[in-house]
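Here's the structure, in structure tokens; my notes come after.
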Amino acid sequence: MADIYELTLALDLDELSEEELAELRWHLGLGPRPETLRIVTEFPNAYHDDDGHLVIEDEPRPLLAGHGEAFKIDGALVSVLLRRERTTWFGVWALTSRQEIHPDDFDLTGRLLGWLATKAGDSRRNTVGGADIVDLGSIRFYESRRPVPLVVRDGVVIWRP
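One gets our numbering by counting positions in the sequence shown from 1 and adding 16 to each.
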């Protein structure tokens, strides 16, 4: 049995700086890794070496870069980021991503998603009981047929798989 989830994002983003755009493109598998990472800055990978000592290394990797055939979910993995040709109230950038994600990656991916929520256009925002809620898309366990909403509440991803 696998612990794989389908993560689907569909949102519009407000204006991004050149640095933010470069890093986001890298995370989506659409461009090279920038020299300096500002959105997700640490990628710890812990393992035991041959002598049994715990080693933690920083191993940066794009978080939403799957493209092509999916492993456990039907269909394909894809990430697309398009600049809107006309300015609308939705936002400047249109982002869609469909990825497979393991719970071990929820923390790192959650950092990226929390940042995306700060850039989300007004069409994805809502205030409930004083909390800022941003609807990013959905998540579902690979064996389930029903996705659940993927939201960021006050900057924290609410994983409800």
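All C-beta atoms, glycine included, are put in the ideal place defined by N, C-alpha and C.
Remember, it's a predicted structure, so these values are computed and weren't measured experimentally.
By the DSSP assignment, the beta strand (DSSP E) with residue i in it spans what residues?
i, result
"Phe157", "Ala147 to Phe157"
"Ala86", "No beta strand (DSSP E) contains Ala86, which DSSP labels as neither H nor E."
"Pro165", "Val164 to Arg169"
"Val56", "Where Val56 is concerned, there is no enclosing beta strand (DSSP E), given that its DSSP letter is neither H nor E."
"Asp66", "Unbroken run through Asp66: none, as it is neither H nor E."
"Ala110", "Trp109 to Ile117"
"Ser95", "Ala92 to Arg99"
"Ile20", "Counting along the chain, Ile20 falls outside any beta strand (DSSP E), and DSSP gives it neither H nor E."
"Asp74", "Leu70 to Asp74"
"Arg161", "Run containing Arg161: none; DSSP gives neither H nor E here."
"Arg141", "Arg141 to Val144"
Considering just the uninterrupted stretch of the alpha helix (DSSP H) at residue i, what are its terminal residues?
i, result
"Thr134", "Phe122 to Lys135"
"Glu36", "Glu34 to His43"
Looking only at C-alpha atoms, which of the options sits nearest to residue i?
i, options, result
"Phe59", "Asp120, Asp66 and Leu152", "Asp120"
"Leu166", "Gly145, Ala81 and Arg140", "Arg140"
"Pro78", "Leu53, Arg156 and Gly91", "Leu53"
"Arg169", "Ile149, Trp175, Gly153 and Leu124", "Ile149"
"Val108", "Gly126, Asp67, Asp138 and Gly171", "Asp138"
"Val173", "Ala18, Arg156 and Phe122", "Phe122"
"Ala133", "Gly146, Glu116, Gly153 and His118", "Gly153"
"Thr57", "Leu124, Phe157, Arg156 and Arg176", "Leu124"
"Asp90", "Arg176, Gly171 and Tyr21", "Tyr21"
"Phe87", "Gly146, Glu116 and Leu111", "Glu116"
"Arg100", "Val94, Glu34 and Leu111", "Leu111"
"Ile155", "Gly171, Val96 and Arg176", "Arg176"
How should residue i be labelled, buried or exposed, when 16 other C-beta atoms within 10 angstroms of its C-beta is the threshold for buried?
i, result
"Ile72", "exposed"
"Tyr63", "exposed"
"Asp28", "buried"
"Glu39", "buried"
"Glu85", "exposed"
"Pro102", "Rather than Pro, the amino acid found at residue 102 in this sequence is Arg. Burial call: exposed."
Report the rounded CA-to-CA distance for residue i versus residue j, giving the unit in angstroms.
i, j, result
"Leu44", "Thr143", "28 Å"
"Leu46", "Asp151", "23 Å"
"Glu31", "Ile55", "15 Å"
"Leu25", "Asp67", "42 Å"
"Ala136", "Pro76", "24 Å"
"Trp42", "Leu98", "14 Å"
"Gly82", "Phe157", "17 Å"
"Leu70", "Asn61", "10 Å"
"Arg49", "Arg114", "20 Å"
Check whether the stretch 124-134 touches the stretch 154-163, counting contact only when three or more Cβ pairs, one atom from each stretch, lie closer than 8 Å. Output reads no: the stretch 154-163 does not touch the stretch 124-134.
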